[in-house]
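My numbering applies: residue 848 is where the sequence shown begins, and numbers increase by one.
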Amino acid sequence: MQTPTVAELNERAREVFRQIVDAYLASGAPVGSRTLSRLGALGLSPASIRNVMQDLEELGLLAAPHTSAGRLPTQLGLRLFVDGMMQASEPNPDERAALEAGAAPGVALEDALSRTTAVLSGLSQCAGLVLVPRRELTIRQLSFVPLAPGRALAILVGVDGSVENRLVELPPGVEPIALEAAANYINARLSGLSLPQASERLASEIAHDRAMLDAMTRAAVETGLAAWSSDGAARPVLIVRGQANLVETAVDLEKVRQLLDDLEDKQELIRLLDIARGAEATRIFIGAESQLFSLSGSSVIAAPYRGAGGQVIGVVGVIGPTRLNYARVIPMVDYTARTLSRLVA
C-alpha cells in the first residue's frame, strides 16, 4: 500500500493521528477513542474520534490489534509520522557533553567508538551499533612467542598504538631462533609499512635476493604477515553495545528475543548498515523495511560518519523497537555521527 502524504489528511485527521502516535510511542499500548477524548485537546466526542480512526485505518495508517482494543500506528503510519509530522528534539547540553566525552581525543579509535556507542545506547535506551572503518594496519613492531612445536603467538603493534594477537600455525621445522630472526627482519625492514606494502616489499627482496633470510626464517616472516593479511575480509568490525536496554524497555518479550537472535547475525547487520554508509544523512529503517528485522518488528536509525576529506568511513546508530522516541533519537544519532566525524577527521 502506498503511504498517504500528510497533505492528503485534513486537519482533524492529522491531529487525531499525531496524538495516537505520540501516546503509542510513550506507552506501547493501543490508544482508544475515550483516552483521546479525555485528553481534551481535540475537543471531539469519542464517537467523532472513532470515525476519524476508522478513516485512518482504511488508509493503512492505523491497525486494531484486537477487536475491542484501541488503535496502533502501522509501519506505514510510523513512516508518515517520521517523514512528515515529527518535531525533532535536539540533544540537550548534558547529552551532547556525554557523547563528546566518549569520543575524547587521545583515545585509541576503536575504544572511542566503543565508548561513544555505549553512551548513545544508554541515552537512547536502545542497543547501540557502530561500524568501525576498514583500516590498514601499519606495522610498528611484530614479535613471536613460541607456544609449542609448530605454533606461536604473533603480536603486532601498530603505529597507532593498537595491539593485536594472532595464533599462528608454523611450517614444520621452524625453531624459536628462526622466529626471533623473523621478528628482527620485520622490525628492521618492514616497520612503518602497511601489511600489503610489507608483503610486497618482502616478495621484492626475496625475488632480488636481498632479504638475506634462510628458508625457516622466511617461512616465519611470511606466516606472520599472512596472519593479518588473511583476515581483511573480516573487516569492518561491528560493535554492539547495550543489548540489555532492549529487555528493560520491552513490551513484547518474544519480539525482543527475536531481535537479540537477529543481532547475532553480524554479517547481515553489516550489510544493512552498509546501505546507510552510502546515505548523505541519517537513515531510518522501520520494521519490515529491513528484511533482517521484519519478524522482531524493530527499527534501525543509522548515520554515516566521515574521515579526512569528508569520505564516509563508518556508520553509527541504534536499534530498538518500532515504538521508540524517534523525535529524540534521530537527532541524537545524527549528533553522534558528527561527533565521531570530528574525532577521526
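Don't be surprised by glycine CBs; every beta carbon is placed ideally from N, CA and C. Here the structure is a predicted model, which is why all the values come from computation and not from measurement.
Nearest residue (CA-CA) to residue i, options the options
i, options, result
"threonine 852", "Ala911, Asn898, Gly931 and Pro940", "Gly931"
"asparagine 939", "Pro1178, Leu1042, Leu1187 and Arg865", "Pro1178"
"valine 929", "Thr1183, Leu1171 and Leu1187", "Leu1171"
"glycine 1144", "Tyr1032, Pro912, Thr1169 and Ile1160", "Thr1169"
"isoleucine 1160", "Pro993, Ala1135, Leu1085 and Ala1091", "Leu1085"
"lysine 1113", "Glu1027, Val977 and Ile1033", "Val977"
"serine 874", "Pro996, Pro920 and Asp1121", "Pro920"
"isoleucine 1166", "Ser1041, Glu855, Leu1116 and Glu1052", "Leu1116"
"alanine 1025", "Phe864, Ala1050, Ala911 and Pro996", "Pro996"
Supposed close pair residue i, residue j - CB separation, criterion 8 Å
i, j, result
"threonine 1096", "glutamine 972", "5 Å"
"leucine 1119", "leucine 1093", "No, leucine 1119 and leucine 1093 are not in contact; Cβ-Cβ is about 17 Å, not under 8 Å."
"valine 1015", "glycine 1071", "7 Å"
"alanine 1192", "glycine 1164", "Alanine 1192 to glycine 1164, Cβ: 19 Å. No contact."
"alanine 1123", "valine 1162", "5 Å"
"isoleucine 867", "leucine 909", "7 Å"
"threonine 963", "leucine 1100", "At roughly 29 Å, the Cβ-Cβ gap does not stay under 8 Å, so threonine 963 and leucine 1100 are not in contact."
"leucine 886", "glutamate 862", "Incorrect: roughly 11 Å between the Cβ atoms, too far for contact."
"alanine 955", "glycine 1008", "6 Å"
"tyrosine 1032", "leucine 1060", "6 Å"
As assigned by DSSP and simplified to three states, the class of residue i
i, result
"glutamate 1022", "coil"
"glycine 931", "helix"
"proline 1151", "strand"
"leucine 989", "strand"
"leucine 1116", "helix"
"glutamate 1127", "coil"
"proline 1178", "helix"
"glycine 997", "coil"
"glutamine 866", "helix"
"valine 954", "coil"
"glycine 975", "strand"
"alanine 1080", "At alanine 1080, the pLDDT of 43 sits below 50, so the modelled position is not reliable; the number obtained from the coordinates is stated separately. If DSSP states are grouped into helix, strand and coil, alanine 1080 belongs with the helices."
"glycine 1161", "strand"
"serine 1137", "coil"
"leucine 1040", "coil"
"glycine 1071", "helix"
"leucine 1107", "helix"
"alanine 1192", "coil"
"arginine 1088", "strand"
"serine 1143", "coil"
"leucine 1100", "helix"
"proline 940", "helix"
"valine 1006", "coil"
"serine 1031", "Note on residue identity: the sequence assigns asparagine, not serine, to residue 1031. It is helical."
"leucine 919", "strand"
"arginine 1013", "strand"
"glycine 924", "helix"
"arginine 861", "helix"
"leucine 1187", "helix"
Beta-carbon proximity check, residue i vs residue j, cutoff 7 Å
i, j, result
"leucine 1110", "valine 1087", "yes"
"isoleucine 1133", "arginine 881", "no"
"leucine 984", "glycine 1005", "yes"
"alanine 948", "leucine 1190", "no"
"arginine 943", "valine 878", "no"
"isoleucine 986", "alanine 1067", "no"
"alanine 999", "leucine 1017", "yes"
"glutamate 1011", "valine 979", "no"
"glycine 1089", "serine 968", "yes"
"arginine 1013", "alanine 959", "no"
"alanine 1135", "aspartate 1181", "no"
"alanine 1184", "tyrosine 1152", "yes"
7 Å Cβ shell around residue i - same chain, five flanking residues per side excluded
i, result
"alanine 860", "Val899, Asp902 and Leu903"
"glycine 1020", "Met1063"
"alanine 1174", "Met933, Gln934, Ala935 and Ser936"
"leucine 970", "Glu942, Ala945 and Met1179"
"alanine 1029", "Phe991, Thr1064, Ala1067, Val1068 and Gly1071"
"arginine 1104", "none"
"valine 966", "Ala945, Leu946 and Gly949"
"alanine 1081", "Unreliable placement is indicated for alanine 1081, whose pLDDT of 47 sits below 50; the coordinate value is still reported in the next sentence. Excluding residues within five positions, none has a Cβ falling inside 7 Å."
"glutamate 858", "none"
Cβ shell of residue i (< 8 Å), same chain only, five flanking positions each side left out
i, result
"glutamate 1022", "Met1063"
"serine 884", "Leu891, Ser892, Pro893 and Ile896"
"leucine 872", "Arg1170, Leu1171, Asn1172 and Tyr1173"
"leucine 913", "One detail in the question is off: residue 913 reads as histidine in this sequence, not leucine. So the list reads Pro877, once near-sequence residues are dropped."
"valine 1176", "Ser971, Cys973, Ile1148, Val1165 and Gly1167"
Any non-hydrogen atom of the ligand GDP closer than 6 Å to residue i Cβ
i, result
"proline 1023", "No copy of the ligand GDP occurs in the structure displayed, which carries no ligand at all."
Cβ neighbours of residue i in the same chain (closer than 6 Å, five flanking residues each side left out)
i, result
"alanine 870", "Val878"
"lysine 1102", "Ser1143 and Gly1144"
"alanine 916", "Pro877"
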